[in-house]
Amino acid sequence: MKLKHSRHLLPLALGVLMMTVSACKKPEETTPPDEGETAGDTGDTETPAEPEETGPPQEPDPAAIAEARAHYLLGQYEEANGKLEPILPDLKEREQYRASGLTAGWLALSLAHDVAENAKEPADYAISMAEKTGDKEVIQVAKAAHGAYLIGVMEFPQALADLEEAISADPSGANAPLALVLAGEAKMNMAFGPEDKIVNPGEFDAAAGYLEKAAGLVTGGEPADKALLAKINESQAAVLRYKNDTKGSCAKADEALKLYGEAGVSDFVMEGVNQLKKAAGCK
12 MKLKHSRHLL PLALGVLMMT VSACKKPEET TPPDEGETAG DTGDTETPAE
62 PEETGPPQEP DPAAIAEARA HYLLGQYEEA NGKLEPILPD LKEREQYRAS
112 GLTAGWLALS LAHDVAENAK EPADYAISMA EKTGDKEVIQ VAKAAHGAYL
162 IGVMEFPQAL ADLEEAISAD PSGANAPLAL VLAGEAKMNM AFGPEDKIVN
212 PGEFDAAAGY LEKAAGLVTG GEPADKALLA KINESQAAVL RYKNDTKGSC
262 AKADEALKLY GEAGVSDFVM EGVNQLKKAA GCK
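Dropping the structure here:
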């Protein structure tokens with residue numbers, strides 16, 4: 012148990028002491044300042060404060076970052092890695108904070124599709140650059156990447172927390188739909204318990220909400236945009252299948268295949284939709 016001290020007495024005692032000292036002290040004689048000199052002027056001048064170090068000049072983002080983003084959304088993960096891995100060490104060495112953060116983030120997202128554990132180091136680095144720059148795009152990509160890594164290692168609630176931060180960093184940004192899709196995937200996984208049994212069916216409704224928001228944000232007509240919209244439809248088909256809506260699930264799966272075809276993705280990317288259709292009993 013802590014004892015309470017009468018802290019309010021201390022300032023009062025000090026005040027009395029100072030008054031006593033002042034009363035007993037003999038006034039000092041003062042010499043008026045010379046002409047042209049003001050009282051308190053010692054002739055010293057203040058040294059201006061040194062400017063804060065801002066780091067080396069930041070260059071425009073390398074074109075490889077945007078190219079790798081398109082490869083990633085099209086499911087071309089090896090091509091994305093090939094764009095990003097060669098430039099990351101140089102960007103780090105030259106302290107290009109924004110560019111290296113985005114590069115590491117997209118690299119982590121791409122690696123998470125193969126071996127999730129390989130995504131941890133670049134995702135962590137991307138987070139550090141997000142904190143250093145405060146750049147909303149870097150924050151969004153870094154948090155999405157770390158969330159994707161956590162989904163890969165089956166840490167779904169923690170992944171969702173990262174993905175919520177990614178979404179809130181720039182709710183209408185170019186990469187918000189991707190963060191929303193990943194959040195939907197995390198929510199879908201949170202519906203399952205041991206032995207892949209559905210124990211929290213309400214999570215499917217939450218996942219559907221994220222996916223609906225994502226669909227509303229994709230407006231471009233580029234192949235990468237169509238591939239992202241196809242991924243949204245694929246995830247929506249999965250949600251509807253788990254909710255026993257076979258008709259709705261099959262319709263979303265067909266729409267996903269159509270969009271994937273327009274985007275020009277590989278058969279490997281579309282294989283997941285075909286498996287989903289087979290599991291749902293689509294005709």
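Taking the working numbering, the leading residue of the sequence shown gets 12, the next gets one more, and so forth.
Don't be surprised by glycine CBs; every beta carbon is placed ideally from N, CA and C.
Treat the numbers as computed from the prediction; the structure is a model and nothing was measured.
> Expressed to the nearest angstrom, what Euclidean distance is found between the alpha-carbon atoms of Glu282 and Asn129?
Replying inline: Here the question's residue 282 lines up with position 271 in the sequence shown. Here the question's residue 129 lines up with position 118 in the sequence shown. Cα-Cα distance, rounded: 24 Å.
> Among all the DSSP beta bridges, which residues are the ones paired with Ile209?
Replying inline: For the purposes of this step, residue 209 is identified with residue 198 of the sequence shown, where counting begins at 1. Checking the DSSP bridge columns, you'll see Ile209 partnered with Phe203.
>> Using a 10 Å radius around the Cβ and a threshold of 16 neighbouring Cβ atoms, would you call Asn324 buried or exposed?
In response: Outside the displayed span of the chain (12 to 294) sits residue 324, for which this structure offers no information.
> In chain order, what residues of the same chain lie with their CB nearer than 6 Å to the CB of Ala123, ignoring the 5 residues before and after it?
Replying inline: As a position in the sequence shown, residue 123 is number 112, starting the count at 1. Result list for Ala123: Ala130, Ala159, Tyr160 and Gly163, in chain order.
> Roughly how many angstroms separate the alpha carbons of Lys147 and Asn211, rounded to a whole number?
Replying inline: On the sequence shown, residue 147 is found 136 positions in, with the first residue counted as 1. On the sequence shown, residue 211 is found 200 positions in, with the first residue counted as 1. Approximately 33 Å, taken between the alpha carbons.
>> Given this structure, state the Cα-to-Cα distance separating Ser111 from Asp256, to the nearest angstrom.
In response: Counted from its first residue, the sequence shown places residue 111 at position 100. Counted from its first residue, the sequence shown places residue 256 at position 245. If I take the Cα positions, the gap works out to 44 Å.
> Within the chosen definition, does the segment 220–230 reach the segment 191–198 through at least 3 CB pairs nearer than 8 Å?
Replying inline: yes
> By Cβ distance, which residues of its chain are closer than 6 Å to Tyr136, with the 5 residues on each side in sequence left out?
Replying inline: For the purposes of this step, residue 136 is taken as the residue at position 125 of the sequence shown. If we look at Tyr136 and ignore the five residues flanking it on each side, its Cβ neighbours are Ala115.
> Looking only at its own chain, which residues have a Cβ that is under 6 Å from the Cβ of Lys237, when we skip the five neighbours before and after it?
Replying inline: Reading the sequence shown from its first residue, position 226 is the one you call residue 237. So the qualifying residues of the chain are Leu270, Glu273 and Ala274.
> Do Ser246 and Gly195 have their CB atoms nearer than 8 Å?
Replying inline: One-based indexing of the sequence shown puts residue 246 at position 235. One-based indexing of the sequence shown puts residue 195 at position 184. Cβ atoms of Ser246 and Gly195: closer than 8 Å.
>> I believe Ala156 touches Leu120 by the beta-carbon criterion, under 8 Å. Please report the beta-carbon distance rounded to the nearest angstrom.
In response: For this step, residue 156 is matched to residue 145 along the sequence shown. For this step, residue 120 is matched to residue 109 along the sequence shown. At roughly 5 Å, the Cβ-Cβ gap stays under 8 Å, so Ala156 and Leu120 are in contact.
> If you compare alpha carbons, which of Thr144, Met201 and Ser139 is closest to Glu166?
Replying inline: Taking the sequence shown and counting its residues from 1, one reaches residue 166 at position 155. Residue Met201 is the option with its Cα nearest to Glu166.
> So, is Ala74 buried or exposed, given that buried needs 16 or more other C-beta atoms within 10 angstroms?
Replying inline: As a first step, residue 74 must be located in the sequence shown, where it is residue number 63. Its Cβ having fewer than 16 others within 10 Å, Ala74 is exposed.
> Just curious, the alpha helix (DSSP H) that Gly158 is in, first and last residue?
Replying inline: As a working note, residue 158 is residue 147 in the sequence shown. That run of the alpha helix (DSSP H) goes Lys147 to Gly163.
>> So the candidates are Leu84, Val149 and Lys198; which of them puts its Cα closest to the Cα of Ser179?
In response: The sequence position of residue 179 within the sequence shown is 168, counting from 1. Of Leu84, Val149 and Lys198, the residue nearest in Cα terms is Val149.
> How is Lys269 classed by DSSP in three states: helix, strand or coil?
Replying inline: Within the sequence shown, numbered from 1, the residue matching residue 269 stands at position 258. Looking at Lys269 - three-state DSSP - the assignment turns out to be helix.
> So is Ala290 buried or exposed if we call it buried at 16+ other beta carbons inside 10 Å?
Replying inline: Locating residue 290 in the sequence shown gives position 279, counting from the first residue. By the neighbour-count rule (16 or more Cβ atoms within 10 Å), Ala290 is not buried but exposed.
> Considering Asp173, what are the terminal residues of the alpha helix (DSSP H) in which it resides?
Replying inline: The count along the sequence shown starts at 1 and reaches residue 173 at position 162. Phe167 to Ala180 is the span of the alpha helix (DSSP H), which, as asked, contains Asp173.
> Which residues in the same chain have their Cβ closer than 8 Å to the Cβ of Leu25, if we skip the five residues on either side of it in sequence?
Replying inline: Reading the sequence shown from its first residue, position 14 is the one you call residue 25. Reliability of the predicted coordinates at Leu25 is poor, the pLDDT of 32 falling under 50, and the value obtained from them is presented with this limitation in mind. Hits under 8 Å: none found.
>> Here's the rule I'm using: 16 or more other beta-carbon atoms within 10 Å means buried, otherwise exposed. How should Lys154 be labelled?
In response: The residue given as residue 154 occupies position 143 in the sequence shown. Its Cβ being crowded by 16 or more others within 10 Å, Lys154 is buried.
> Tell me which same chain residues have a C-beta within less than 7 Å of the C-beta of Leu84, skipping the five on either side of it?
Replying inline: Counted from its first residue, the sequence shown places residue 84 at position 73. Cβ within range, chain order: Ala235, Ala238 and Leu239.
> If you draw a straight line from the alpha carbon of Tyr108 to that of Lys288, how long is it in whole angstroms?
Replying inline: By 1-based counting over the sequence shown, the position of residue 108 is 97. By 1-based counting over the sequence shown, the position of residue 288 is 277. Taking the straight line joining both Cα atoms gives about 44 Å.
> Who are the near neighbours of Phe215 in its chain, counting only those whose CB is closer than 8 Å to its CB and skipping five residues on each side?
Replying inline: One-based indexing of the sequence shown puts residue 215 at position 204. Closer than 8 Å at the Cβ level, and outside the excluded window around Phe215, lie Lys198, Met199, Ala202, Val250, Tyr253 and Lys254.
> So what does DSSP say about Pro234, is it helix, strand or coil?
Replying inline: Taking the sequence shown and counting its residues from 1, one reaches residue 234 at position 223. The DSSP-derived three-state label of Pro234 is helix.
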